[in-house]
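Visitor: In the working numbering, the protein residues as written are 340 to 688. Each residue gets a CB set at the ideal place from its N, CA and C atoms; glycine is no exception. There's a structure below that I have some questions on.
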Ligand SMILES: Cc1cc2nc3c(=O)[nH]c(=O)nc-3n(C[C@H](O)[C@H](O)[C@H](O)COP(=O)(O)O)c2cc1C
C-alpha cells in the first residue's frame with residue numbers, strides 16, 4: 340500500500356490509529372459510507388440516540404469496523420498505457436470468468452424452496468467458484484449437479500469421524516475443493532459451540548494435517564485472521580485460507596482486509612488467499628485483490644436476491660465483476676496478475 344511502508348509494529352500502530360479516528364456515532368449509525376467521521380466543525384446531525392447503544396447497534400460490531408476500513412482506502416488512477424482488463428481467474432487448474440465468488444452460506448431454503456441450489460446455479464452461470472457451508476449430503480449433491488465448481492466447507496465437528504466422512508463425501512460427489520471453518524468451535528460464552536445440535540471442537544495443527552492428507556482435493560481453511568493461524572495452516576499443508584471473521588462472530592475482530600497485507604507477506608504465494616466479510620461492490624473486491632487476495636466471496640449482499648431467483652443473483656454477480664473491471668481499467672491493471680498495492684492509499688476519514 341502506498342505511503343506507509345509498514346513494519347509489523349508500524350502496521351498495527353497505523354491500523355489502530357485509523358480505527359481510533361472513527362467517530363463513534365458514525366459507526367453506531369452503520370452509515371460509514373455516507374458520513375465522514377472526523378471532519379472539522381460540528382459533527383453531522385445524527386438520528387435520535389437509541390434507548391441504549393447496546394440495543395441499537397452492538398458495540399464492537401466487526402461488520403461496522405470492516406465497512407469503515409474498506410472506506411478508508413482510496414485508489415489512485417493510472418490511465419497512461421492502460422487498457423480493458425481481463426477478470427479471468429486461474430485457480431487449482433481451472434479457469435473462471437471472475438474472482439468474485441459466492442460465500443460459504445447455509446440454510447437458505449427458507450428464502451426460496453431450493454435457495455442453496457439457486458445460489459449455486461447463479462455461480463455456475465457466471466463461471467464463478469461456488470462455496471457451500473453447513474448442509475446435508477443430499478443438498479451438496481444437488482448443488483454440485485448445477486455444474487457449479489463447489490468448495491465444501493465442513494464444520495469443525497467434535498467427532499473427527501464425521502469430518503472425514505464429509506470430506507470423503509465432498510470428494511465422491513465431485514467438489515472442486517473442500518475445507519473447514521475453524522472459527523466456529525466456541526460459543527462465545529466460555530464453552531464449545533453446538534451448531535444445529537452438533538458439537539464442535541477447535542482443531543490442532545496435527546488434526547488439520549490429517550484432514551489435508553485425507554483428500555486429493557485442495558483443502559482450505561476458513562476463518563483465518565492472524566499470522567499465527569496462517570503459519571499453522573502452511574505447516575499443515577493447506578492449499579488456501581479464507582480471511583474472514585464469519586460475519587462478526589467475535590466483536591472487535593479486525594477487518595480481514597486489515598490482516599491481509601501482513602498475512603500475504605508471510606504466505607508469499609504458498610497458499611491461495613481468499614477474503615470475505617462485507618464485500619458489496621466491485622470496488623471492495625478490487626481493494627482486496629490489490630492488497631494480496633487471489634479471490635473474494637460475497638454472502639449477505641447476495642442473500643436477499645436468492646429468493647428472487649437465479650437471474651437476480653447472477654445479474655448482481657456479473658454487475659460486481661463489471662464494477663471490478665471498471666476500476667481495473669482506470670488503475671492500469673490488465674489482469675489479476677497485475678494488481679499493484681501501491682495504487683491504494685490509506686486515508687483517515
Ligand atoms: C445465513 C448464513 C449462513 C452461514 N453459514 C456458514 C457455514 O455454514 N459455514 C461457513 O463457513 N460460513 C457460514 N457463513 C458465513 C459466510 O460464509 C461468510 O463468512 C460471512 O457471511 C461473511 O461474508 P459476507 O459479509 O459477504 O456475508 C454463513 C453466513 C450466513 C449469513
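Identify which residue in 424, 670, 549, 461 has its Cα closest to the Cα of residue 418.
Guide: Here the closest residue by C-alpha is 670.
Visitor: Return the bridge partner residues of residue 537 from the DSSP annotation.
Guide: Note: residue 537 sits in a beta bridge opposite 534.
Visitor: Is it the case that the CB of residue 468 approaches a heavy atom of ligand 1 more closely than 7 Å?
Guide: For ligand 1, not one heavy atom lies less than 7 Å from the Cβ of residue 468.
Visitor: If you follow the alpha helix (DSSP H) that residue 604 is part of, which residue opens it and which one closes it?
Guide: Per DSSP, residue 604 belongs to the alpha helix (DSSP H) from 595 to 606.
Visitor: Under 8 Å, with one C-beta from each stretch per pair, do the region 542 to 558 and the region 526 to 534 reach the 3-pair mark?
Guide: Counting Cβ pairs under 8 Å, fewer than three are found: no touch.
Visitor: The alpha helix (DSSP H) spanning residue 634 covers which residue range?
Guide: First-last for residue 634: 634 to 637, but that is the beta strand (DSSP E), not the alpha helix (DSSP H).
Visitor: Please determine, among 622, 477, 461, 440, the residue with the shortest C-alpha to C-alpha distance to residue 633.
Guide: That would be 440, whose Cα lies nearest to the Cα of residue 633.
Visitor: Just tell me which of 687, 601, 576, 631 has its CA closest to the CA of residue 679.
Guide: For the residues 687, 601, 576, 631, the minimum Cα distance to residue 679 belongs to 631.
Visitor: Would you check if the region 609 to 625 and the region 561 to 578 touch, i.e. whether three or more CB-CB distances between them fall below 8 Å?
Guide: Yes, the region 561 to 578 touches the region 609 to 625.
Visitor: Short of 7 Å in beta carbon distance, which residues of its chain neighbour residue 593, apart from the five on each side in sequence? Order them along the chain.
Guide: The residues are 564.
Visitor: Once you ignore the five residues that flank residue 447 on each side, which residues in its own chain have a CB closer than 8 Å to its CB?
Guide: Answer for residue 447: 454, 455, 457, 458, 642, 645, listed in chain order.
Visitor: What whole-angstrom Cβ distance do residue 513 and residue 492 have, given they're in contact under 8 Å?
Guide: Actually they do not touch by this definition, with Cβ atoms about 16 Å apart.
Visitor: I need the straight-line Cα distance from residue 677 to residue 667, nearest angstrom please.
Guide: Cα to Cα, residue 677 sits roughly 9 Å from residue 667.
Visitor: Please classify residue 681 as buried or exposed, where buried requires at least 16 other C-beta atoms within 10 Å of its C-beta.
Guide: Looking at its Cβ environment, which holds fewer than 16 other Cβ atoms inside 10 Å, residue 681 is exposed.
Visitor: Check the C-beta distance from residue 402 over to residue 587 and give it rounded, since I have them as a contact under 8 Å.
Guide: The Cβ separation is near 5 Å, so the contact holds.
Visitor: Helix, strand or coil, according to DSSP, for residue 554 in the structure here?
Guide: Note: residue 554 maps to coil in three-state DSSP.
Visitor: With a 10 Å radius around its C-beta and 16 neighbouring C-beta atoms as the bar for buried, classify residue 686 as buried or exposed.
Guide: Exposed.
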